[in-house]
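Undergrad: Shown below is the structure under consideration.
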């Protein structure tokens, strides 16, 4: 008889080393997003829901400090802990990866296309006025969009501004596509809309609010506290 399938510890370790998150970021969970605003409740919910259902598309846009990046990092961290090949990149790192392809035998471009789970942070910070860069982002976004529609990949995007205001039209239209809804089972929330008689969260969300990031004390405070505890 066959035994129960076991999670591959070595695979999880390898994914953790390659995922693009540091040790502290790998420990982020939904509980690290503080507050009880509509946005904060929605973000905590999305972390759990997407970690359990890792396909489709999610775009988060809004001001700095509203936990957009933390949300996608928490999703990536959760999936890595499950042993899934999830990666987090800043958009500038993807841009650099394409330049590196020009002088190497490897293909970062192919990796970005085929990763089952990919997070791209700060998409508004790359130079999309450059034709070469824009064409590559257009190709990547279009490919991953079609894979997301087919339920084969998960793509997570963050940016500071509304996509139509800072991205070429074809890229912005993919980020704002209306088919990536997720069911909402919480209480009243202004980010939730009604579709087909159901309450759902759209796949493109404007995240507003005060700084939702955890207040992590600097090292000298942490060491001082440890010294007091050991004294």
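Residue numbers (this note's numbering): -15 to 215. Here a beta-carbon is modelled for each residue, glycine too, at the ideal position from N, C-alpha and C. The structure presented is a predicted model; accordingly, all values stated were derived computationally and were not measured.
Check whether the stretch 42 to 58 and the stretch 8 to 17 touch, using three or more Cβ-Cβ pairs below 8 Å as the test.
TA: yes
Undergrad: Could you tell me which residues DSSP pairs with residue 71 in its beta bridges?
TA: Here residue 71 corresponds to residue number 87 of the chain shown, with the count starting at 1. Answer is 102, bridged to residue 71.
Undergrad: For residue 178, write down the residues that DSSP places opposite it in a beta bridge.
TA: Translated into the one-based positions of the chain shown, residue 178 becomes position 194. Paired residue(s): 183.
Undergrad: Quick one: what's got a C-beta closer than 7 Å to residue 35's C-beta in the same chain, skipping five residues either side?
TA: Stepping through the chain shown from its first residue, residue 35 is reached at position 51. So the list reads 59, 62 and 63, once near-sequence residues are dropped.
Undergrad: What residue from 178, 182 and 108 has the CA that sits closest to residue 152's CA?
TA: Counting from one through the chain shown, the residue named residue 152 turns up at place 168. Looking at the Cα atoms, 108 is the closest of the given residues.
Undergrad: Measuring CB to CB, does residue 4 end up less than 8 Å from residue 48?
TA: For this step, residue 4 is matched to residue 20 along the chain shown. For this step, residue 48 is matched to residue 64 along the chain shown. No, the pair does not count as a contact, with Cβ atoms beyond the cut-off.
Undergrad: Within this structure, are the beta carbons of residue 185 and residue 26 separated by less than 8 Å?
TA: Here residue 185 corresponds to residue number 201 of the chain shown, with the count starting at 1. Here residue 26 corresponds to residue number 42 of the chain shown, with the count starting at 1. Yes, these two residues count as a Cβ contact at 8 Å.
Undergrad: Between residue 122 and residue 149, is the Cβ-Cβ spacing less than 8 Å?
TA: The sequence position of residue 122 within the chain shown is 138, counting from 1. The sequence position of residue 149 within the chain shown is 165, counting from 1. In this structure, residue 149 does not lie closer than 8 Å to residue 122 by Cβ.
Undergrad: Could you check what DSSP says for residue 127 in three-state terms: helix, strand or coil?
TA: As a working note, residue 127 is residue 143 in the chain shown. Here residue 127 sits in helix by DSSP.
Undergrad: What is the residue span of the beta strand (DSSP E) that residue 112 lies within?
TA: Counting from one through the chain shown, the residue named residue 112 turns up at place 128. Per DSSP, residue 112 belongs to no beta strand (DSSP E) and is neither H nor E.
Undergrad: Which residues does DSSP list as the beta-bridge partners of residue 190?
TA: Locating residue 190 in the chain shown gives position 206, counting from the first residue. The partner list for residue 190 (beta bridge, DSSP) reads 45.
Undergrad: Can you name, in chain order, every residue of its own chain whose Cβ lies under 7 Å from the Cβ of residue -5, other than the five neighbours on each side?
TA: Taking the first residue of the chain shown as position 1, residue -5 is located at position 11. Confidence at residue -5 is low in this model, with a pLDDT of 45, below 50, so the placement of that residue is unreliable and no value is reported for it.
Undergrad: Below 7 Å CB to CB, which residues in the same chain sit around residue 111 once its five sequence neighbours on both sides are set aside?
TA: Taking the first residue of the chain shown as 1, we reach residue 111 at position 127. Cβ within range, chain order: 117.
Undergrad: Since residue 164 and residue 45 should fall inside the 8 Å C-beta cutoff, what is the C-beta to C-beta distance between them, to a whole number of angstroms?
TA: Your numbering for residue 164 matches position 180 in the chain shown. Your numbering for residue 45 matches position 61 in the chain shown. The Cβ separation is near 14 Å, so there is no contact.
Undergrad: Please classify residue 79 as buried or exposed, where buried requires at least 16 other C-beta atoms within 10 Å of its C-beta.
TA: Walking along the chain shown from the start, residue 79 turns up at place 95. When all chains shown are included, residue 79 counts as buried.
Undergrad: Take residue 28 and list the residues in its own chain whose beta-carbon comes closer than 7 Å to its own, dropping the five residues that flank it on each side.
TA: The sequence position of residue 28 within the chain shown is 44, counting from 1. Non-local C-beta neighbours of residue 28 in its own chain, meaning closer than 7 Å and more than five positions away in sequence, comprise 14 and 17, ordered along the chain.
Undergrad: Per DSSP, residue 166 is paired with what?
TA: On the chain shown, residue 166 is found 182 positions in, with the first residue counted as 1. Partner(s): 185.
Undergrad: With DSSP run on the structure shown, which of helix, strand or coil describes residue 53?
TA: One-based indexing of the chain shown puts residue 53 at position 69. Residue 53 falls in the helix class under three-state DSSP.
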